[in-house]
Amino acid sequence: MEPKSFVFFDLDGTLLNNESKIEPEVVKALEEMQLNGHIPFIATGRSPLEINFVLDSTSIDSFIALNGQYIVYQGKEIHRSSISIDTLIRLKQATEERNFALSFYTSNKIRTTRQTKALKDAYEFIRAPIPSIDHLVHLNEEILMALVLSADEKEDGYFRKQFPELSFYRNTPYSMDTIPRGNSKATGIKELMSKLTFEHLPTYAFGDGPNDIEMIDHVNYGVAMGNGLDILKDKATYVTSSNTQGGIIEGLTYFGLI
Numbered sequence: 577m578e579p580k581s582f583v584f585f586d587l588d589g590t591l592l593n594n595e596s597k598i599e600p601e602v603v604k605a606l607e608e609m610q611l612n613g614h615i616p617f618i619a620t621g622r623s624p625l626e627i628n629f630v631l632d633s634t635s636i637d638s639f640i641a642l643n644g645q646y647i648v649y650q651g652k653e654i655h656r657s658s659i660s661i662d663t664l665i666r667l668k669q670a671t672e673e674r675n676f677a678l679s680f681y682t683s684n685k686i687r688t689t690r691q692t693k694a695l696k697d698a699y700e701f702i703r704a705p706i707p708s709i710d711h712l713v714h715l716n717e718e719i720l721m722a723l724v725l726s727a728d729e730k731e732d733g734y735f736r737k738q739f740p741e742l743s744f745y746r747n748t749p750y751s752m753d754t755i756p757r758g759n760s761k762a763t764g765i766k767e768l769m770s771k772l773t774f775e776h777l778p779t780y781a782f783g784d785g786p787n788d789i790e791m792i793d794h795v796n797y798g799v800a801m802g803n804g805l806d807i808l809k810d811k812a813t814y815v816t817s818s819n820t821q822g823g824i825i826e827g828l829t830y831f832g833l834i
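Set out below in structure tokens:
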């Protein structure tokens, strides 16, 4: 049976609470939504490794990970996009010159270039394990996303200027998600709908942060969390309560998905 719609959920600050956990009532709402014929997707900057706890604790089996770089539908990979080796070499050099750590993301592992305070703070912020060091992984494996580990926002402009082929999303105070320019959660959704030939289905998205802006703008019905950015709220079809005040359930109810 064809789904009635696809619904995309950011994780941090959206589907998850402030302890990076998913509330039992949200799990129940997702199950009800699915029974009503709507397919939930995780749409996150996190890697597949970092979302297993959500997949294991909910009925969700589809996701757009690494800010649109890696897509799985009902357990099957349908799309991936990588960063060129030349760009990664330059990016590594730029971070080393500043004593920043740089993490590399494949579809199934995370490695970093050095241990720093910003690295530790960034992974503690999302309650994820600190990756081990591997200076050569970007030369030997396909890298889908990188993470510049720095709490110094004054340096953000340097990276954006020197790497026009990349997009940088500061999603935590300690790091910038780094992917090919022009790619985003929105392009991931577009790729997904095209490959599944489901372009005619309505789409919904819930988000709160800078890497959700394109997604909220792209879908038919965008939901900004009450704790989200003002620019996101301006683009949204509906602004719901915060992630800790029942915002997910409120938004799903508003649109008649549950």
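Every number in the numbering used here is 576 more than the matching position in the sequence shown, counting from 1.
Beta carbons: idealized from backbone N, C-alpha and C, even for Gly.
- Residue 825 counts as buried, since at least 16 other C-beta atoms from the protein chains shown sit within 10 angstroms of its C-beta.
- In the three-state reduction of the DSSP assignment, residue 695 falls in the helix class.
- In the pairwise beta carbon analysis, the stretch 758-771 is classified as touching the stretch 790-798: at least three pairs are separated by under 8 Å.
- Distance check between residue 668 and each of 639, 617, 619 and 724 places 724 closest, using alpha-carbon atoms only.
- Looking at the DSSP output, residue 799 shares a beta bridge with 782 and 814.
- When the alpha-carbon of residue 630 is set against those of 611, 704 and 765, the nearest one is in 704.
- In the pairwise beta carbon analysis, the stretch 816-825 is classified as not touching the stretch 672-682: fewer than three pairs are separated by under 8 Å.
- Apart from the 5 residues on each side of it in sequence, residue 666 has no Cβ closer than 6 Å to any other Cβ in its chain.
- Pairing residue 746 with residue 775, the inter-Cα distance amounts to about 30 Å.
- By the Cβ-count criterion, residue 755 is buried, with 16 or more other Cβ atoms from all chains shown falling within 10 Å of its own Cβ.
- Residue 645 counts as buried, since no fewer than 16 other beta carbons sit within 10 angstroms of its beta carbon.
- Under the three-state reduction of DSSP output, residue 577 falls in the coil class, being neither helix nor strand.
- When secondary structure is reduced to three states using DSSP, residue 741 falls in the coil class, being assigned neither helix nor strand.
- With respect to residue 706, residue 720 sits apart: the two C-beta atoms are not nearer than 8 Å.
- Cβ contact annotation for residue 752 (same chain, cutoff 6 Å, sequence separation greater than five): 724, 744 and 746, in chain order.
- Remark: fewer than three beta-carbon pairs, one from each stretch, lie closer than 8 Å, so the stretch 734-741 and the stretch 683-700 are not flagged as touching.
- A contact is defined here as three or more CB-CB pairs under 8 Å, and the stretch 577-589 meets this definition with respect to the stretch 765-781.
- Within the same chain, 782, 783, 784, 801 and 819 come within 7 Å of residue 590 by CB-CB distance, once the 5 residues on both sides are set aside.
- Classified as exposed, residue 611 has fewer than 16 neighbouring CB atoms from the shown chains inside 10 Å of its CB.
- Residue 678: not part of any alpha helix (DSSP H); member of the beta strand (DSSP E) spanning 677-681, first to last residue.
- For residue 679, the closest of 649, 600, 750 and 806 by C-alpha to C-alpha distance is 750.
- By the criterion of a C-beta distance shorter than 6 Å, residue 748 is surrounded in its chain by 698 and 701, once the five residues flanking it on both sides are discounted.
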